[in-house]
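Heads up: the structure comes next, in C-alpha coordinates.
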Amino acid sequence: MQWQPDWGLRGRMVVTMFLLFALYIVFVGVLASAGVGLVGIVVVMGIFSFAQLFFSDKLALYSMGARTVEPEEYPELHRTVDRLGNDPDVTALFVQAPLPAHVDEATVRRRVPVEKDVDCFAPANVGRLVAGDPRVRPVTEQAVDGLLSAHDVPVAGRDAVVVGRTTAVGLPLAHLLCRRDATVTVCHTSTADLGAKTRSADLLVTAAGTPGLVDGSMVTPGVDVVDVSANRADGSVVGDVDAESVREKAAALTPVPGGVGPLTMAYLLRNVVSVSARA
130 MQWQPDWGLR
140 GRMVVTMFLL
150 FALYIVFVGV
160 LASAGVGLVG
170 IVVVMGIFSF
180 AQLFFSDKLA
190 LYSMGARTVE
200 PEEYPELHRT
210 VDRLGNDPDV
220 TALFVQAPLP
230 AHVDEATVRR
240 RVPVEKDVDC
250 FAPANVGRLV
260 AGDPRVRPVT
270 EQAVDGLLSA
280 HDVPVAGRDA
290 VVVGRTTAVG
300 LPLAHLLCRR
310 DATVTVCHTS
320 TADLGAKTRS
330 ADLLVTAAGT
340 PGLVDGSMVT
350 PGVDVVDVSA
360 NRADGSVVGD
370 VDAESVREKA
380 AALTPVPGGV
390 GPLTMAYLLR
400 NVVSVSARA
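Just so we're on the same page, the numbering used here is the position in the sequence shown counted from 1, plus 129.
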(Lines of atoms letter the chains of each structure in order from A and count residues from 1; the text may use other names and numbers.)
(Lines give C-alpha, C1' and ligand atoms only; values in the text may rest on other atoms or scores of the structure.)
Protein backbone atom coordinates (compact mmCIF):
# COMPACT_ATOMS: atom_id res chain seq x y z
CA MET A 1 0.00 0.00 0.00
CA GLN A 2 1.07 3.61 -0.36
CA TRP A 3 2.52 5.38 2.64
CA GLN A 4 -0.12 7.82 3.78
CA PRO A 5 -2.27 8.61 6.80
CA ASP A 6 -6.04 8.30 6.51
CA TRP A 7 -6.56 11.78 5.11
CA GLY A 8 -3.65 11.66 2.68
CA LEU A 9 0.09 12.15 2.92
CA ARG A 10 0.13 14.78 0.21
CA GLY A 11 -2.53 16.84 1.95
CA ARG A 12 -0.58 16.69 5.17
CA MET A 13 2.60 17.80 3.42
CA VAL A 14 0.83 20.70 1.72
CA VAL A 15 -0.38 21.85 5.14
CA THR A 16 3.15 21.41 6.52
CA MET A 17 4.64 23.49 3.71
CA PHE A 18 2.00 26.20 4.24
CA LEU A 19 2.65 26.36 7.99
CA LEU A 20 6.41 26.48 7.51
CA PHE A 21 6.03 29.22 4.93
CA ALA A 22 3.92 31.18 7.42
CA LEU A 23 6.59 30.64 10.09
CA TYR A 24 9.21 31.78 7.57
CA ILE A 25 7.37 35.07 7.08
CA VAL A 26 7.08 35.54 10.86
CA PHE A 27 10.77 34.77 11.41
CA VAL A 28 11.82 37.13 8.63
CA GLY A 29 9.82 39.88 10.32
CA VAL A 30 11.36 39.12 13.71
CA LEU A 31 14.86 39.06 12.27
CA ALA A 32 14.27 42.27 10.36
CA SER A 33 13.04 44.03 13.49
CA ALA A 34 16.25 42.91 15.20
CA GLY A 35 18.32 44.34 12.38
CA VAL A 36 19.20 40.95 10.87
CA GLY A 37 18.84 40.66 7.10
CA LEU A 38 17.97 37.36 5.48
CA VAL A 39 18.99 36.47 1.95
CA GLY A 40 19.01 32.81 0.97
CA ILE A 41 20.96 31.89 -2.14
CA VAL A 42 20.28 28.71 -4.09
CA VAL A 43 23.20 27.79 -6.35
CA VAL A 44 21.89 25.22 -8.82
CA MET A 45 24.10 23.36 -11.27
CA GLY A 46 22.94 20.64 -13.64
CA ILE A 47 20.31 20.09 -16.29
CA PHE A 48 17.61 19.09 -13.80
CA SER A 49 17.20 20.14 -10.21
CA PHE A 50 14.58 19.18 -7.64
CA ALA A 51 15.17 22.60 -6.09
CA GLN A 52 13.88 24.13 -9.30
CA LEU A 53 10.97 21.67 -9.35
CA PHE A 54 9.80 22.13 -5.75
CA PHE A 55 11.37 25.33 -4.50
CA SER A 56 13.37 27.74 -6.66
CA ASP A 57 12.17 31.36 -6.35
CA LYS A 58 8.82 30.53 -4.73
CA LEU A 59 9.87 31.48 -1.21
CA ALA A 60 11.67 34.73 -2.00
CA LEU A 61 15.05 33.09 -2.36
CA TYR A 62 17.38 33.79 -5.24
CA SER A 63 18.34 31.00 -7.63
CA MET A 64 21.17 31.11 -10.13
CA GLY A 65 19.20 28.74 -12.31
CA ALA A 66 19.73 25.21 -13.58
CA ARG A 67 22.12 24.54 -16.42
CA THR A 68 25.11 22.44 -17.31
CA VAL A 69 28.44 23.88 -16.16
CA GLU A 70 31.17 23.27 -18.73
CA PRO A 71 34.79 22.65 -17.67
CA GLU A 72 35.92 26.02 -18.99
CA GLU A 73 33.36 27.65 -16.68
CA TYR A 74 34.81 26.20 -13.46
CA PRO A 75 36.70 29.40 -12.59
CA GLU A 76 33.49 31.43 -12.94
CA LEU A 77 31.58 28.88 -10.88
CA HIS A 78 34.21 29.05 -8.15
CA ARG A 79 34.24 32.85 -8.24
CA THR A 80 30.45 32.91 -7.92
CA VAL A 81 30.44 30.71 -4.82
CA ASP A 82 33.33 32.75 -3.37
CA ARG A 83 31.50 36.02 -4.06
CA LEU A 84 28.29 34.82 -2.41
CA GLY A 85 30.22 33.37 0.51
CA ASN A 86 31.98 36.69 1.11
CA ASP A 87 28.90 38.87 0.58
CA PRO A 88 27.77 40.18 4.01
CA ASP A 89 24.21 40.57 2.70
CA VAL A 90 23.98 36.85 1.98
CA THR A 91 23.14 34.96 5.15
CA ALA A 92 22.49 31.46 3.79
CA LEU A 93 24.06 29.53 0.93
CA PHE A 94 22.74 26.31 -0.61
CA VAL A 95 24.52 24.44 -3.39
CA GLN A 96 22.36 21.85 -5.12
CA ALA A 97 24.00 18.43 -4.85
CA PRO A 98 24.97 16.00 -6.13
CA LEU A 99 26.74 18.06 -8.76
CA PRO A 100 27.23 16.90 -12.36
CA ALA A 101 29.90 14.19 -12.61
CA HIS A 102 32.39 16.44 -14.38
CA VAL A 103 32.32 19.07 -11.60
CA ASP A 104 34.87 18.64 -8.79
CA GLU A 105 32.46 18.66 -5.87
CA ALA A 106 35.18 18.71 -3.22
CA THR A 107 36.54 21.99 -4.59
CA VAL A 108 33.09 23.59 -4.46
CA ARG A 109 32.45 22.26 -0.95
CA ARG A 110 35.60 23.90 0.37
CA ARG A 111 34.37 27.28 -0.86
CA VAL A 112 31.12 27.30 1.12
CA PRO A 113 31.51 29.13 4.47
CA VAL A 114 30.53 26.91 7.39
CA GLU A 115 28.45 29.69 8.95
CA LYS A 116 26.30 30.12 5.79
CA ASP A 117 25.98 26.43 4.93
CA VAL A 118 22.33 25.29 5.13
CA ASP A 119 22.73 21.66 3.95
CA CYS A 120 25.84 20.35 5.74
CA PHE A 121 27.79 20.86 2.50
CA ALA A 122 31.03 22.36 3.83
CA PRO A 123 33.62 19.72 4.87
CA ALA A 124 33.89 21.02 8.43
CA ASN A 125 30.14 20.69 8.88
CA VAL A 126 30.21 17.15 7.49
CA GLY A 127 32.87 16.30 10.06
CA ARG A 128 30.77 17.69 12.88
CA LEU A 129 27.78 15.67 11.70
CA VAL A 130 29.75 12.42 11.74
CA ALA A 131 31.21 13.31 15.14
CA GLY A 132 27.70 13.67 16.56
CA ASP A 133 27.91 17.44 17.05
CA PRO A 134 26.17 18.85 13.96
CA ARG A 135 26.19 22.59 13.33
CA VAL A 136 23.55 22.01 10.65
CA ARG A 137 21.92 18.76 9.52
CA PRO A 138 21.43 17.83 5.84
CA VAL A 139 17.91 18.65 4.73
CA THR A 140 17.20 15.28 3.07
CA GLU A 141 18.41 13.42 6.14
CA GLN A 142 16.07 15.53 8.29
CA ALA A 143 13.18 14.88 5.90
CA VAL A 144 13.60 11.10 6.09
CA ASP A 145 14.11 11.22 9.86
CA GLY A 146 10.99 13.33 10.29
CA LEU A 147 8.92 11.12 8.03
CA LEU A 148 9.91 7.92 9.86
CA SER A 149 9.23 9.51 13.23
CA ALA A 150 5.89 11.05 12.21
CA HIS A 151 4.60 7.67 11.04
CA ASP A 152 6.07 5.69 13.96
CA VAL A 153 8.15 3.52 11.64
CA PRO A 154 10.52 1.44 13.78
CA VAL A 155 14.22 1.82 13.04
CA ALA A 156 16.18 0.45 16.01
CA GLY A 157 17.15 -3.19 15.64
CA ARG A 158 16.07 -3.43 12.00
CA ASP A 159 18.12 -4.32 8.95
CA ALA A 160 18.27 -1.16 6.85
CA VAL A 161 19.65 -0.93 3.31
CA VAL A 162 20.58 2.40 1.71
CA VAL A 163 21.01 2.35 -2.07
CA GLY A 164 23.30 5.25 -2.95
CA ARG A 165 26.46 6.57 -1.31
CA THR A 166 26.71 10.22 -2.30
CA THR A 167 28.20 12.55 0.29
CA ALA A 168 25.14 14.78 -0.06
CA VAL A 169 22.41 12.19 0.49
CA GLY A 170 23.31 8.50 0.72
CA LEU A 171 26.02 8.63 3.38
CA PRO A 172 24.16 11.06 5.68
CA LEU A 173 21.12 8.76 5.47
CA ALA A 174 23.24 5.74 6.37
CA HIS A 175 24.70 7.69 9.28
CA LEU A 176 21.19 8.69 10.42
CA LEU A 177 19.94 5.09 10.44
CA CYS A 178 23.07 3.88 12.23
CA ARG A 179 22.61 6.63 14.80
CA ARG A 180 19.05 5.38 15.30
CA ASP A 181 20.42 1.88 16.01
CA ALA A 182 19.62 0.12 12.75
CA THR A 183 22.08 -2.34 11.21
CA VAL A 184 22.96 -0.56 7.98
CA THR A 185 24.16 -1.82 4.60
CA VAL A 186 25.17 0.75 1.97
CA CYS A 187 24.89 -0.31 -1.68
CA HIS A 188 26.34 1.42 -4.75
CA THR A 189 27.22 0.93 -8.41
CA SER A 190 29.82 -1.75 -7.61
CA THR A 191 27.54 -3.79 -5.34
CA ALA A 192 27.31 -7.40 -6.54
CA ASP A 193 23.75 -8.77 -6.72
CA LEU A 194 21.91 -5.67 -5.55
CA GLY A 195 18.65 -7.63 -5.30
CA ALA A 196 20.09 -9.98 -2.70
CA LYS A 197 21.02 -7.00 -0.53
CA THR A 198 17.68 -5.20 -0.90
CA ARG A 199 15.73 -8.39 -0.16
CA SER A 200 17.50 -8.54 3.21
CA ALA A 201 16.06 -5.17 4.20
CA ASP A 202 13.31 -4.48 6.72
CA LEU A 203 13.75 -0.81 5.87
CA LEU A 204 14.89 0.20 2.38
CA VAL A 205 15.97 3.74 1.46
CA THR A 206 16.84 4.50 -2.16
CA ALA A 207 18.89 7.53 -3.18
CA ALA A 208 20.67 6.38 -6.33
CA GLY A 209 19.13 8.68 -8.93
CA THR A 210 18.32 5.78 -11.28
CA PRO A 211 14.69 5.43 -12.44
CA GLY A 212 13.15 2.03 -11.72
CA LEU A 213 16.33 0.61 -10.20
CA VAL A 214 14.44 -1.43 -7.58
CA ASP A 215 11.45 -3.53 -8.62
CA GLY A 216 9.12 -5.93 -6.85
CA SER A 217 11.43 -8.91 -7.27
CA MET A 218 14.06 -7.11 -5.18
CA VAL A 219 12.06 -6.63 -1.96
CA THR A 220 10.49 -8.90 0.63
CA PRO A 221 6.90 -8.63 1.89
CA GLY A 222 6.41 -6.16 4.72
CA VAL A 223 9.36 -3.92 3.93
CA ASP A 224 9.12 -0.18 4.55
CA VAL A 225 10.43 1.73 1.52
CA VAL A 226 11.55 5.36 1.41
CA ASP A 227 12.25 6.54 -2.15
CA VAL A 228 14.30 9.72 -1.88
CA SER A 229 15.10 10.27 -5.57
CA ALA A 230 13.23 12.45 -8.03
CA ASN A 231 14.33 11.51 -11.55
CA ARG A 232 13.22 12.84 -14.90
CA ALA A 233 12.04 10.02 -17.18
CA ASP A 234 9.87 10.33 -20.29
CA GLY A 235 8.66 13.76 -19.28
CA SER A 236 7.61 12.80 -15.76
CA VAL A 237 9.17 12.62 -12.33
CA VAL A 238 9.79 9.13 -10.94
CA GLY A 239 11.80 7.58 -8.15
CA ASP A 240 14.38 4.81 -7.98
CA VAL A 241 11.62 2.36 -7.08
CA ASP A 242 9.21 0.81 -9.57
CA ALA A 243 6.19 1.78 -7.50
CA GLU A 244 3.65 -0.49 -9.22
CA SER A 245 5.50 -3.73 -8.52
CA VAL A 246 6.96 -2.78 -5.13
CA ARG A 247 3.61 -1.54 -3.78
CA GLU A 248 2.27 -5.09 -3.90
CA LYS A 249 4.81 -6.22 -1.28
CA ALA A 250 5.70 -3.14 0.75
CA ALA A 251 4.05 -2.32 4.06
CA ALA A 252 4.70 1.33 3.24
CA LEU A 253 6.05 3.17 0.21
CA THR A 254 6.63 6.90 -0.19
CA PRO A 255 5.20 8.40 -3.41
CA VAL A 256 7.29 10.21 -6.02
CA PRO A 257 6.62 13.04 -6.49
CA GLY A 258 4.94 14.25 -3.31
CA GLY A 259 6.82 12.18 -0.74
CA VAL A 260 10.26 13.06 0.58
CA GLY A 261 10.71 16.01 -1.80
CA PRO A 262 8.27 18.51 -0.24
CA LEU A 263 9.55 17.66 3.24
CA THR A 264 13.11 18.27 2.06
CA MET A 265 12.16 21.73 0.86
CA ALA A 266 10.42 22.42 4.17
CA TYR A 267 13.54 21.49 6.13
CA LEU A 268 15.68 23.56 3.77
CA LEU A 269 13.48 26.54 4.56
CA ARG A 270 13.86 25.90 8.27
CA ASN A 271 17.64 25.65 7.95
CA VAL A 272 17.75 28.93 6.02
CA VAL A 273 15.91 30.66 8.86
CA SER A 274 17.99 29.09 11.64
CA VAL A 275 21.34 29.74 9.91
CA SER A 276 20.34 33.33 9.09
CA ALA A 277 19.25 33.92 12.69
CA ARG A 278 22.81 33.12 13.78
CA ALA A 279 24.32 35.54 11.23
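Think of the CB as a built atom: it goes at the ideal place given N, C-alpha and C, for glycine as much as any other residue.
In this text, all values refer to a predicted model and were calculated from it rather than measured experimentally.
At a cut-off of 3 residues, the continuous stretches assigned as beta strand (DSSP E) that sit fully inside the stretch 285-323 are 288-292, 312-316. Between A336 and V298, the beta carbon gap of about 4 Å places them in contact (Cβ cut-off 8 Å). Going by beta carbons, V255 and V355 fall outside the 7 Å limit. Under DSSP, the beta-bridge partners assigned to V355 are V334. For D246, the closest alpha carbon among the candidates P227, V237, A221, G261 is that of A221. A residue is called buried when at least 16 other Cβ atoms come within 10 angstroms of its Cβ; R238 meets this threshold and is buried. In terms of Cα proximity to R407, the closest of P301, T314, E244 is E244.
With a cut-off of 8 Å on Cβ pairs, the stretch 300-320 is not in contact with the stretch 382-400, counting fewer than three such pairs. Taking the CA atoms as reference points, R208 sits about 12 Å from D216. Straight-line measurement puts the Cα of M347 at about 35 Å from the Cα of F223. 7 Å or more divides the Cβ of V315 from the Cβ of A330. Under the criterion of beta carbons closer than 8 Å, L342 and D369 qualify as touching, at roughly 5 Å. At a Cβ-Cβ threshold of 7 Å, N360 and P340 count as neighbours.
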